[in-house]
Amino acid sequence: MEKQEFKGTPHNEGKIGDFAKTVLMPGDPLRAKFIATHYLENVRLVNGVRNMFGYTGTYKGKEVTVMGSGMGMPSIGIYSYELFAFYGVENIIRIGSCGSYQENIDLYDIIICQGSCTDSNFASQYNLNGTFSALGSYELVEKAVLAAKKKNARYHVGNIMSSDVFYGADKDAWKKWANMGVLGVEMESYALYCNAAYLHKKALTILTVSDSFTSKKETTAEERQNSFTQMMEIALELI
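Take any residue in the sequence shown, note its place counting from 1, add 1210, and you have its number in our numbering.
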């Protein structure tokens, strides 16, 4: 029987070979466009389905892809699984924003997510007899720390809360996670780390603090899209 040519997925029109071995994955596809425009050379659009833009180019001579993930674990769960399982991607580095749970973590600080906690049921699919600890790749964590030091970035390494809920009914629930030493909250990392573990790939999340639960300070939408360059540059050094 003749082997059929791979024609992409319902969410990705890219062909085999369109994606680099390392993909930087912001939530916002416009942030992916920003990175491609400002940092990459020889850029080509490899995905535009649902406006979830993906671009492949080179950074300092090395091939890299940047592609949006959308918001939440279901969305990044789909895109990261397809990249790992169907397109030969080996490393996905999520670059996004988060809210800080700790008083010593201020706006624009960098969080390198060694582990991810969750209130999601994402890992139930594996039928594990217990609670799965979702961890980032130590190799990528180590490289990110070195890159952050070289840039004199104010950074923190530790656990992040990956939540299914943005507008939660319990307004004080975050305090329990903060008491356990969790650094902050976002909505994607746990699914990404689970997919990487299940498919024997590597993943890391690097975040910029966009708001603080303790000080109530926050950044604007425009600042989140265009001013998180230090995080982007740290991630680019990992390819």
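Beta carbons are placed, not taken as given, at the ideal position from N, Cα and C, and that holds for glycine.
Taking every protein chain shown into account, the CB of residue 1291 has 16 or more other CB atoms within 10 angstroms, so this residue is buried.
Taken atom to atom, the span from the alpha-carbon of residue 1228 to that of residue 1221 is near 15 angstroms. Residue environment: residue 1414 is assigned as buried (16 or more neighbouring CB atoms within 10 Å of its CB, all protein chains considered). In the assembly as shown, residue 1260 is an exposed residue. Its beta-carbon has fewer than 16 other beta-carbons within 10 Å. Taking 8 angstroms as the cut-off, the beta carbon of residue 1417 is found no closer than this to the beta carbon of residue 1449. When secondary structure is reduced to three states using DSSP, residue 1339 falls in the coil class, being assigned neither helix nor strand. Per DSSP, residue 1262 is not a residue of any beta strand (DSSP E), being assigned neither H nor E.
Excluding residues up to 5 positions away in sequence, 1229, 1233, 1299 and 1302 lie with their Cβ nearer than 7 angstroms to the Cβ of residue 1293 in the same chain. Taking each of 1367, 1243 and 1295 in turn and checking the Cα distance to residue 1219, the smallest one comes out for 1295.
Secondary structure note for residue 1311: it is in no alpha helix (DSSP H), with a DSSP letter that is neither H nor E. Collapsing the DSSP output to three states places residue 1304 in a strand.
Residue pairing for residue 1352: DSSP places it in no beta bridge. Around the beta carbon of residue 1275, a 10 Å sphere encloses 16 or more other beta carbons of the protein chains shown; the residue is thus reported as buried. Burial state of residue 1330 is buried, judged by a 10 Å Cβ sphere holding 16 or more other Cβ atoms. For residue 1287, the uninterrupted alpha helix (DSSP H) run begins and ends at 1283 to 1296, by DSSP.
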